[in-house]
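Our numbering puts the first residue of the sequence shown at 175, with every later residue one more than the last.
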Amino acid sequence: MLIEVVKPGDSLWAIAKRYGVTADEVARINGIEDPTRLVAGQALVIPTKDRVHVVAPGESLWTIARKYGTSVDQLMRANQITDPSRLYIGQRLRVPGEPVRPVIETNGYLQPSNAEKDRGIVAETANYLTYFSIFQYIVQKDGTLQAPNDEAALAAIRPTPSVPMMVITNFEGGTFTPDTARAIFDNAEARQNLIDNVIATMKRKSFYALNIDFEHMYPADREKYNAFLREITARVHAEGKLVSTALAPKTSAEQAGQWYEAHDYPAHGEIVDFVIIMTYEWGWSGGPPMAVAPIPQVRSVLEYALSVIPAGKIMMGAPLYGYNWTLPYVKGGKFAPTLSPKAAVELARDVGAYIQYDYTAQAPHFSYYDNDAKEHIVWFEDARSMQAKFDLIKEYGLRGISYWVLGQSFPQNWALLEANFTIKSLK
């Protein structure tokens with residue numbers, strides 16, 4: 175597979191012909207419903223057998239060779255290059271050799287809503303996921319659980335290669351609450367009640383693993399949370415099941431803030447089977463416009479994590495969505511709505527926008543004016559931004575990737591994921 179960026183005047187048929195594939199194949203993989211209306215700057219995944227790399231700003235033959243596990247000499251011979259310093263942006267290079275597809279685990283958070291939608295999400299993504307994380311079982315202060323209506327989703331998952339993972343949270347009133355977590359930590363009876371309820375639910379519903387997503391806790395409860403993790407992990411392990419935690423994206427042990435301080439990276443790396451690091455939401459609906467998961471920030475988080483947690487225990491988080499901000503941004507003003515990558519491209523098409531790409535953040539964006547003459551900027555994900563994330567997984571040898579959240583249409587992501595990795599099944 176390769177990624178082609180649409181230029182003004184390009185047609186789907188011309189692009190497909192260029193690479194010896196059919197327009198129907200390209201349309202299917204990229205979820206294109208109207209093949210006559212491509213968007214300038216739109217990234218397309220092309221299902222070629224040969225590996226082709228399109229040179230991006232700042233790249234050299236050495237960095238490209240390192241990316242694909244080949245050598246500069248092999249690249250030069252395959253492309254009849256005599257002067258390795260004379261690359262140009264947009265140049266297509268044939269990459270010799272067979273692609274290496276590392277084995278990874280993949281996870282997707284699924285929020286059950288209605289049976290038909292849940293079955294559709296599972297049918298679309300099960301072949302690409304090791305785990306479906308059922309979000310969420312809400313922990314009550316007495317240790318009982320408020321369960322989602324997940325029967326249809328779980329029934330749909332059973333015959334697939336994927337396994338279900340139970341997610342418990344300290345959610346209340348539309349946000350994560352530190353008081354629920356503290357009530358569990360400080361009350362032995364409530365704590366045992368919670369653990370018993372988790373074990374019973376995992377057995378009854380055949381959950382393969384547990385994901386503990388406790389967020390925004392009191393910083394003073396850090397060691398209490400660690401102790402709770404040791405206690406519940408021992409019990410879940412005794413049942414032959416796995417335990418994971420969701421971690422805020424930290425760049426140091428000393429990072430301040432209630433979202434970060436109670437998350438002890440070294441302790442989680444020691445106690446649980448793996449962690450899911452939420453490497454997204456730098457650009458968020460209530461904040462100033464920017465990429466949701468800019469690569470420099472993601473890399474900084476991973477480098478700290480790797481200094482205290484084994485790579486084989488780290489799943490990198492990735493967003494399946496973007497945001498549409500109205501400008502000028504006003505702190506405390508109207509929140510930006512979310513949109514799927516597919517919807518973002520369709521919006522760019524409808525408003526006549528040219529999709530730009532930020533090579534530092536490794537993220538696409540575009541601007542436009544609405545019918546009320548208000549300016550908007552949209553940051554989202556595309557094949558290029560996902561490939562940049564996949565490259566980090568390969569570079570650091572991570573356990574895998576975790577998607578937030580399923581149900582956002584992004585067809586090209588799944589084709590690209592499969593082209594990059596061998597996805598582990600636990601069945």
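The beta-carbon is built from N, C-alpha and C at its ideal position, and this holds for glycine as well. In this text the structure is predicted, and so the values were computed from the model without any measurement.
- In this structure, residue 304 and residue 598 form a Cβ contact; the two beta carbons are roughly 5 Å apart against a cut-off of 8 Å.
- Residue 211 is bridged by DSSP to nothing; it lacks a bridge partner.
- Annotation: the segment 558–587 contains the following complete segments of the beta strand (DSSP E) (minimum length 3 residues), in chain order: 574–578.
- The beta carbons of residue 258 and residue 568 sit no closer together than 8 Å.
- Within the segment 487–549, the alpha helix (DSSP H) runs of at least 4 residues that lie entirely inside it are, in chain order, 515–525.
- Counting along the chain, residue 437 sits inside no beta strand (DSSP E), nor does DSSP assign it H or E at all.
- When the alpha-carbon of residue 418 is set against those of 442, 425, 297, 274, the nearest one is in 442.
- Around the CB of residue 430, fewer than 16 other CB atoms lie within 10 Å, so the residue is classed as exposed.
- Under DSSP, residue 217 forms a beta bridge with 179.
- Bounds of the alpha helix (DSSP H) holding residue 294 are 289–299.
- For residue 226, the enclosing beta strand (DSSP E) starts and ends at 225–228.
- Sequence-distant Cβ neighbours of residue 577 in its own chain, meaning closer than 6 Å and more than five residues away, are 282, 492, 494.
- Collapsing the DSSP output to three states places residue 420 in a strand.
- For residue 359, the enclosing alpha helix (DSSP H) begins and ends at 352–360.
- The C-beta of residue 563 has 16 or more other C-beta atoms within 10 Å across all chains shown, which makes the residue buried.
- Per DSSP, residue 324 lies in no alpha helix (DSSP H) segment and is marked neither H nor E.
- The Cβ-Cβ distance between residue 573 and residue 448 falls below 8 Å.
- In the three-state reduction of the DSSP assignment, residue 222 falls in the coil class, being assigned neither a helical nor a strand state.
- In the structure shown, residue 403 falls within a helical segment according to DSSP collapsed to helix, strand and coil.
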